[in-house]
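Here is the structure we will look at, set down as structure tokens.
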Amino acid sequence: MASADKNVVGLLNGLARREYFGESEITDDFLHQELFPDLGREQFDAMLSRYENLMRNIVSADMDFNQLEAFLTSQTRRKQGSLTQEQAAAFLKFWKSQKVKIHDVLVQRSSWNNRLKDISWRIDLKSQGRHLQQINTPVAIVEMQVEKRSTENKETDVFQFEMDESQLSNILSSIDEIEKKLTSYAQ
Numbered sequence: 001m002a003s004a005d006k007n008v009v010g011l012l013n014g015l016a017r018r019e020y021f022g023e024s025e026i027t028d029d030f031l032h033q034e035l036f037p038d039l040g041r042e043q044f045d046a047m048l049s050r051y052e053n054l055m056r057n058i059v060s061a062d063m064d065f066n067q068l069e070a071f072l073t074s075q076t077r078r079k080q081g082s083l084t085q086e087q088a089a090a091f092l093k094f095w096k097s098q099k100v101k102i103h104d105v106l107v108q109r110s111s112w113n114n115r116l117k118d119i120s121w122r123i124d125l126k127s128q129g130r131h132l133q134q135i136n137t138p139v140a141i142v143e144m145q146v147e148k149r150s151t152e153n154k155e156t157d158v159f160q161f162e163m164d165e166s167q168l169s170n171i172l173s174s175i176d177e178i179e180k181k182l183t184s185y186a187q
């Protein structure tokens with residue numbers, strides 16, 4: 001491919017920083033003034049929209065470099081609104097430098113909100129109950145710390161509960177099944 005257009009690489013990096021890395025101070029006007037001041041506003045807006053759509057296609061497909069080259073080749077061969085070789089090279093250069101970072105951001109965004117930070121438990125004898133048969137039966141007292149990922153300060157909630165012998169047995173069998181699946185995937 002031809003040498004990359006530095007302004008197009010800069011525009012793509014600016015769009016990525018705004019869209020995926022949360023840098024909202026990068027505006028369309030800023031990109032226009034810094035990278036393409038000689039281009040009319042309508043031309044710049046059309047180019048910006050086109051590049052945003054192409055970048056979204058590349059990111060959403062999580063293209064490897066072979067797929068990207070095929071995609072860019074098809075974009076250069078289009079009859080209307082095709083990319084130049086320099087623009088295609090700019091997309092390739094941009095994706096080589098940003099693919100992993102953007103992928104990591106998207107994975108982090110799509111992760112579940114909460115995560116198990118800590119779990120502790122102990123076996124004790126029940127000292128109170130509605131029925132006499134429930135007293136002095138073994139119970140597991142469980143404490144779980146769950147971290148909320150959605151907040152910046154990473155709040156932690158603590159949950160405490162009791163489980164009787166049958167509930168504990170069910171949990172342990174579920175954990176055993178999970179462990180077997182993980183072992184089979186690791187081999």
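Under the UniProt record's numbering, read the sequence shown as residues 1 to 187, first letter to last.
All residues carry an ideal CB built from backbone N, CA and C; glycine is no exception.
Just the C-alpha distance for H32 and Q98, rounded to the nearest angstrom, thanks.
-> 21 angstroms
Assuming D124 contacts V139 (C-beta within less than 8 angstroms), just tell me the rounded distance between them.
-> That belief holds up - the Cβ atoms of D124 and V139 are roughly 6 angstroms apart, short of 8 angstroms.
Report the rounded CA-to-CA distance for F30 versus A16, giving the unit in angstroms.
-> 14 angstroms
Cα-Cα separation, L92 to N66 | 10 angstroms
Secondary structure of D62, DSSP reduced to three states = coil
Could you spell out where the beta strand (DSSP E) holding R122 opens and where it closes?
-> From DSSP, the beta strand (DSSP E) with R122 extends over 114 to 125.
Compute the distance between the beta-carbons of R115 and V146, then report whether it is under 9 angstroms.
-> yes
Express the C-alpha separation of E42 and K117 in angstroms, rounding to a whole number.
-> 51 angstroms
Would you call V107 buried or exposed, if buried means 16 or more other Cβ atoms sit within 10 Å of its Cβ?
-> Here V107 is exposed: its Cβ has fewer than 16 other Cβ atoms, across all protein chains shown, within 10 Å.
Could you tell me which residues DSSP pairs with F161 in its beta bridges?
-> Its beta-bridge partners are V142.
For the alpha helix (DSSP H) containing L11, list its first residue and its last residue.
-> 6 to 19
Taking 9 angstroms as the cut-off, decide whether the C-beta atoms of D5 and E69 are in contact.
-> Cβ atoms of D5 and E69: not closer than 9 angstroms.
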